Structures are given as structure tokens and as C-alpha cells.
Amino acid sequence: MATTMYGITNCDTIKKARVWLESHDVPYRFHDYRAEGIEPSKLNGWVGKVGWEKLLNKGSTTFRELPEADKQSLDEKKAKALMLAKPTMIKRPVLEVGDRILVGFKPDVYAQVVGK
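Residue numbers (the numbering used here): 46 to 161.
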């Protein structure tokens with residue numbers, strides 16, 4: 046089953062998740078938002094599966110630095126536009142395991158999904 050991790054390389058949570066995957070011999074591909082961006086179709090698919098509220102990281106530095114007007118009246122359309130413009134606002138990591146999407150890093154959930 047193909048596994049892809051999405052995030053940014055200098056994120057501490059990404060580092061923990063990568064160590065977990067590697068220590069459990071889970072092969073994966075890493076997709077760096079800063080270098081590769083995110084395709085609108087990919088983000089739409091994630092939003093359809095887990096919802097924009099779960100994907101948008103309101104605690105991120107990028108989100109907190111937005112003008113107040115951009116943070117007000119958030120809806121799916123506005124949130125997707127923000128995440129496409131600045132993918133570092135997407136919670137990290139996003140792990141695609143086959144057709145499943147995991148948002149954030151929880152070792153027990155990773156163990157259940159990758160089965161190792």
C-alpha cells in the first residue's frame with residue numbers, strides 16, 4: 046500500500062512521524078509543501094474526506110500572521126484558498142495510506158493504520 050507523508054521538513058511533528066515510520070520499516074514518500082506546493086485536486090480530496098476544519102491549522106505561525114480580515118468568516122472556500130496560497134497552514138503531517146487520510150501524528154493511530 047502506497048504511503049505518502051505531506052508536510053515541511055523543519056516541522057518537529059514531521060520529524061517525529063518520520064522517525065516512527067522509519068523505525069517501523071514503513072516505506073513512504075515525503076512531499077514537502079514548501080518545495081512542491083499542493084495541488085487543488087489533492088486538497089479538495091482531503092477536504093472531502095476529513096473536512097477543512099481538521100486540515101486548517103489555526104495555530105500555525107502562518108495563520109496567526111494573517112490579517113484579521115482573512116481570519117474572519119472562514120468557510121470551506123476561503124479556507125481552501127488560504128491553504129492553497131500558503132500550504133504551511135495545513136496541519137502536519139498529512140499521511141495518505143492507500144485511500145485513508147491521517148491528519149496529525151498519533152503513534153497509536155499510525156500503528157493501527159499501517160499495521161506494524
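Think of the CB as a built atom: it goes at the ideal place given N, C-alpha and C, for glycine as much as any other residue.
None of the values given here were measured: they were computed from a predicted structure.
Apart from the 5 residues on each side of it in sequence, L129 sits with its Cβ closer than 7 Å to the Cβ of I83, P85, L88 in its chain, given in chain order. M50 sits in a strand when the DSSP states are folded into three classes. In this structure, the CA atom of F108 is about 13 Å from the CA atom of K123.
If you check the CB distance, P138 and Y78 do not come in under 8 Å. With respect to H76, V159 sits apart: the two C-beta atoms are not nearer than 8 Å.
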